[in-house]
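J.:
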Amino acid sequence: MRDVAVEVRGLTKRFGTQVAVDDVSFDVPAGRIVGFLGPNGAGKSTTLRAIVGLTAPNAGTATIHGVPFHDLADPARTVGAIVDGVGFHPGRRAIDELRIAASTAGIPHHRCDEVLELVGLAAARRKQVGRFSLGMKQRLGLAAAMLGDPRVLLLDEPANGLDPEGIQWVRAFLRYLAEDGRAILVSSHLLGEVARLVDEVLVIRQGRIVAHGTVDALTAAAGGTTVLVASQDDAALAAALAQRGATVTAHNRGLRVEGLDPADVGAAALAAGVVLTELRAMTPELEDVFLELTAGGGIA
Amino acid sequence: MGLIAAEIRKLASVTTTWVMTGIGVVLILLSAGLFLLLPEFGLGEFRGADPQLAFLVEQVGGASIVVLIVALLSMTTEFRHGTIGRTLQLTPSRTRVVVGKFVAGTLYALAFLVIGLVLVAILAGIGALTAGVGLDLAWQTLTAIWFAGVGLVLTSWFGVALGSLIRSQVVALTVTLVWLFVIEGAMLTFVPAVGRWLPFNALNAVLLTNDVTTPMGGPSPQLLDPLVGLATFLGYVAVTAAGAIALMRTRDV
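Taken in order, these protein sequences are the chains called A and B. According to the numbering used here, the residues represented by the first sequence are 1 to 300, in order. According to the numbering used here, the residues represented by the second sequence are 1001 to 1253, in order.
(1) Got a sec? Which residues, its chain only, sit under 6 Å from B:Y1236 by beta carbon, not counting five neighbours each side?
(2) Could you give the residue range of the alpha helix (DSSP H) that holds A:A242?
(3) Against chain A, with Cβ distances strictly below 8 Å, would B:L1198 count as a contact?
(4) Taking 8 Å as the threshold (beta carbon to beta carbon), is B:A1089 in contact with chain A?
(5) Starting from B:S1164, trace the alpha helix (DSSP H) in both directions and tell me its first and last residue.
(6) May I have the straight-line CA-CA distance separating A:T47 from B:V1191, to the nearest angstrom?
(7) Let me see if you follow: with CB-CB separation under 8 Å, is B:A1005 close to chain A or not?
(8) By the DSSP assignment, the beta strand (DSSP E) with A:I33 in it spans what residues?
(9) Closer than 8 Å by beta-carbon distance: list the chain B residues that pair up with A:G87, in chain order.
(10) Going by DSSP, name the residue or residues bridged to A:R205.
(11) To which residues of the same chain is B:V1019 closer than 8 Å at the C-beta, ignoring the five residues directly before and after it?
(12) Just to confirm the assignment, what range does the beta strand (DSSP E) spanning A:G60 have?
(13) Alpha carbon to alpha carbon, what distance is there between A:L153 and A:C112?
(14) Let's see if you can read the secondary structure: which residues bound the alpha helix (DSSP H) around B:G1229?
(15) Which chain D residues are close to A:H70, counting only those with a beta carbon under 7 Å from its beta carbon?
(16) In whole angstroms, what separates the C-alpha of A:G254 from that of A:V289?
(17) Starting from the N-terminal side, write out each stretch of the beta strand (DSSP E) that is 3 residues or longer and does not extend beyond the segment 104-167 of chain A.
(18) Once you ignore the five residues that flank A:A236 on each side, which residues in its own chain have a CB closer than 6 Å to its CB?
(19) Let me make sure I understand the geometry here. Which of B:A1131, B:G1116, B:I1004 and B:G1125 has the alpha-carbon closest to that of B:F1102?
(20) In angstroms with no decimal places, state the Cα-to-Cα distance between B:S1093 and A:H70.
(21) Would you please verify whether the beta carbon of B:D1050 is less than 8 Å from any beta carbon of chain A?
(22) Quick check: is the beta carbon of A:S25 nearer than 8 Å to any beta carbon in chain B?
(23) Under three-state DSSP, which class holds B:M1187?
(24) Taking C-beta pairs closer than 8 Å, name the residues in chain B that A:S103 reaches, listed in chain order.
(25) Any Cβ of chain B within less than 8 Å of the Cβ of A:T12?
(26) Would a C-beta distance cut-off of 8 Å place B:W1139 and B:A1241 closer than the cut-off?
(27) Using 10 angstroms around the beta-carbon of A:Q138, count the other beta-carbons present and answer buried if the total reaches 16, otherwise exposed.
(28) Going along the chain, which residues of the segment 1099-1125 of chain B sit with their C-beta nearer than 7 Å to a C-beta in chain A?
(29) Strictly below 9 Å CB to CB, what residues from chain B border A:L293?
(30) Kindly identify the DSSP beta-bridge partner or partners of A:S187.
(31) Specify, as a first and last residue, the run of the alpha helix (DSSP H) that B:F1200 falls within.
(32) How would you write the range of the alpha helix (DSSP H) that A:D288 sits in, first residue to last?
(33) Based on the DSSP secondary-structure assignment, which residues constitute the bridge partners of A:P29?
(34) To which residues does DSSP link A:M282 through a beta bridge?
(35) Which of the residues in the segment 1140-1164 of chain B, read from start to end, lie with their CB under 9 Å from any CB of chain A?
(36) Just reading off the alpha helix (DSSP H) that A:R77 is part of, what are its end residues?
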């Protein structure tokens, strides 16, 4: 049985007549990174804000280890969150921002230096946040989220504004935290990064969860494998493949085959005595799945 | 205590607080200094008398706009820069967050009072030395100090409450300053029977109990009696504070 850290059940939030989040339910297990994907306005941030009590849902519940956020005895040591971007006073020094949070949460101030070191901002501790790059602000946001060494992290676009090196750092950092048993819910529009980072994916569209599963399961459900093949006699090969029930269409200087896997295509070519010059499997990327799901269709 | 320490650090770690305090210092020095240097302004020849000292002390309360703005910004800044989200994540009880700001505002108001009193004491001391007189510090001065302290503390609460109710920084500042300097001023001038009951005029009855245009020590005829003014302003503060807490508890952030 999974150790569920975050449990969301039937969460619904309306703004006037507009339904921002509609009966959303999901779990974030300990030790797992769950990606939360959706186009702008799909309800990602509203869901995250409802989990941490910044917005009151019209229906449903969100709990952290079975406790609503408002009732947590020590929220900073339970949940670290970046929601709606990283908010800091531009005129305040980085170390002051963290010390303010530490004082509020009853965390020793030496922890502020530790988390700044952790995110690679130790040298900028006395610098005003207004002079930070977006990437540095993201790192400071992660430092603030990690201040209480929480077991649950809710991160809204944590890689936003980071350079490739920074993105790689975030990926390694979050993976390290997840392997340490923490539950991490991370929203992002950087689909390639999400695919390489997360264990599970939640896709939300117009306030509703339209898919939930592992990246492999979602991409498999989205349509299986397409094979691109070229040969010295495409006409003979197309006939042989069609005999085996494949759907074959012309594609650039070869054929596009659906309904057979690469081994079957190779076997058909061998049986027909056709020499292959190219054989390539194309598995749908998470981006393809995302676009399909958010364009209207659903999978799960 | 951690929440209060955090709120104090929030105030102390931004330039605006120090700039506003500096402006307050200049205002107190200018007003008290001018009354000392220019007897024709109403204070008369400085003799170090108790009513004269009380009048100088009132110049500290006269700079209450500084306390009002700092307190108001303590809340609106949270919304403007998006730090309110982290504040509420660290302290989920929104009532505690607002009360924490009331306490921090109180401490700032008292610190401002102390700074102001030190400035006034220095100026009065210089005036006494120059005139070759002693300082007759008695009940009128002490009363002025008491009213200044109470008035500034209540002003800070009013500022925090207004900042919570009108969370847009620009709108909150504009509305407050226009109300304070234009509407209440005009109402007191043209409809004094109503204008004197408005919040900042009621506060002025507390902070400015000695009107320079009347014989020394007399209250301004336009304003309420100081105790009535105090009760009136306290009522405004109570209503806005209750409204601020109620709104903060229910609003989406």
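For glycine and all other residues, C-beta sits at the position ideal for the given N, C-alpha and C. Computed from a predicted structure; not experimentally measured.
T.: Considering the structure as presented:
(1) Position 236 of the second sequence, counted from the start, is the residue given in the question as residue 1236 of chain B. The residues are P1199.
(2) For the purposes of this step, residue 242 of chain A is taken as the residue at position 242 of the first sequence. Here the alpha helix (DSSP H) through A:A242 covers D234 to Q243.
(3) In the second sequence, residue 1198 of chain B corresponds to position 198, counting from 1. Put simply, the CB of B:L1198 is far from chain A, with every gap to its CB atoms at 8 Å or more.
(4) Against the second sequence, residue 1089 of chain B aligns to sequence position 89. According to the sequence as given, residue 1089 of chain B is Gln; it is not Ala. Contacts with chain A at 8 Å (Cβ-Cβ) include B:Q1089.
(5) Working through the second sequence from its first residue, we reach residue 1164 of chain B at position 164. Going by DSSP, B:S1164 is part of the alpha helix (DSSP H) stretching over W1139 to L1165.
(6) Translated into positions along the first sequence, residue 47 of chain A becomes position 47. Translated into positions along the second sequence, residue 1191 of chain B becomes position 191. Cα to Cα, the separation comes out at about 52 Å.
(7) Start at 1 with the first residue of the second sequence, and residue 1005 of chain B comes out as number 5. Yes, B:A1005 lies at the interface with chain A (some Cβ there is under 8 Å from its Cβ).
(8) Mapped onto the first sequence, residue 33 of chain A falls at position 33. Segment I33 to L37, the beta strand (DSSP E) holding A:I33.
(9) The residue labelled residue 87 of chain A in the question sits at position 87 within the first sequence. Near A:G87 (Cβ distances below 8 Å), the residues of chain B are H1081, G1082, T1083, I1084, G1085 and R1086.
(10) Locating residue 205 of chain A in the first sequence gives position 205, counting from the first residue. In the DSSP output, where bridge partners are listed per residue, A:R205 has A:R208.
(11) Numbered from 1 along the second sequence, position 19 holds the residue referred to as residue 1019 of chain B. Around B:V1019: no qualifying Cβ.
(12) Within the first sequence, the letter at position 60 stands for residue 60 of chain A. Element bounds for A:G60: A59 to I64.
(13) As a first step, residue 112 of chain A must be located in the first sequence, where it is residue number 112. As a first step, residue 153 of chain A must be located in the first sequence, where it is residue number 153. A straight-line Cα-Cα distance of about 18 Å links A:C112 and A:L153.
(14) For this step, residue 1229 of chain B is matched to residue 229 along the second sequence. Run containing B:G1229: P1226 to T1250, per the alpha helix (DSSP H) assignment.
(15) Absent from the structure: chain D. Protein chains present are A and B.
(16) Here residue 254 of chain A refers to the residue found at position 254 when the first sequence is read from its first residue. Here residue 289 of chain A refers to the residue found at position 289 when the first sequence is read from its first residue. If I take the Cα positions, the gap works out to 25 Å.
(17) If one requires a minimum length of 3 residues, the beta strand (DSSP E) runs lying completely within the segment 104-167 of chain A are 152-156, in chain order.
(18) Taking the first residue of the first sequence as 1, we reach residue 236 of chain A at position 236. Within the same chain, A:A236 has close Cβ partners A272 and V274.
(19) The residue given as residue 1102 of chain B occupies position 102 in the second sequence. Of B:A1131, B:G1116, B:I1004 and B:G1125, the residue nearest in Cα terms is B:I1004.
(20) Here residue 1093 of chain B is taken as the residue at index 93 of the second sequence, counted from 1. Here residue 70 of chain A is taken as the residue at index 70 of the first sequence, counted from 1. Roughly 7 Å between the two C-alpha positions.
(21) For the purposes of this step, residue 1050 of chain B is taken as residue 50 along the second sequence, with counting starting at 1. So, not an interface residue.
(22) Within the first sequence, numbered from 1, the residue matching residue 25 of chain A stands at position 25. No, its Cβ sits nowhere closer than 8 Å to a Cβ of chain B.
(23) Here residue 1187 of chain B is taken as the residue at index 187 of the second sequence, counted from 1. In this structure, B:M1187 counts as helix in the three-state DSSP scheme.
(24) Working through the first sequence from its first residue, we reach residue 103 of chain A at position 103. What A:S103 touches in chain B: G1002, L1003, A1005, A1006 and R1009.
(25) Translated into positions along the first sequence, residue 12 of chain A becomes position 12. No, A:T12 lies away from the interface with chain B (no Cβ there is under 8 Å from its Cβ).
(26) The residue given as residue 1139 of chain B occupies position 139 in the second sequence. The residue given as residue 1241 of chain B occupies position 241 in the second sequence. Not closer than 8 Å, so no.
(27) Looking up residue 138 of chain A in the first sequence gives position 138. A:Q138 comes out buried.
(28) Residues passing the 7 Å Cβ filter: none.
(29) On the first sequence, residue 293 of chain A is found 293 positions in, with the first residue counted as 1. Correct list: empty, because the minimum Cβ distance to chain B is about 28 Å.
(30) Your numbering for residue 187 of chain A matches position 187 in the first sequence. A:F36 and A:D156.
(31) What you label residue 1200 of chain B is simply residue 200 of the second sequence in a count that begins at 1. Counting along the chain, B:F1200 sits inside the alpha helix (DSSP H) bounded by residues P1199 to L1207.
(32) Counted from its first residue, the first sequence places residue 288 of chain A at position 288. First-last of the alpha helix (DSSP H) with A:D288: L286 to A295.
(33) Taking the first residue of the first sequence as position 1, residue 29 of chain A is located at position 29. DSSP lists A:V4 as the beta-bridge partner residues of A:P29.
(34) Here the question's residue 282 of chain A lines up with position 282 in the first sequence. Answer is A:T226.
(35) Cβ contacts with chain A come from no residue of the segment 1140-1164 of chain B.
(36) The residue you call residue 77 of chain A lines up with position 77 of the first sequence. First-last of the alpha helix (DSSP H) with A:R77: P75 to T78.
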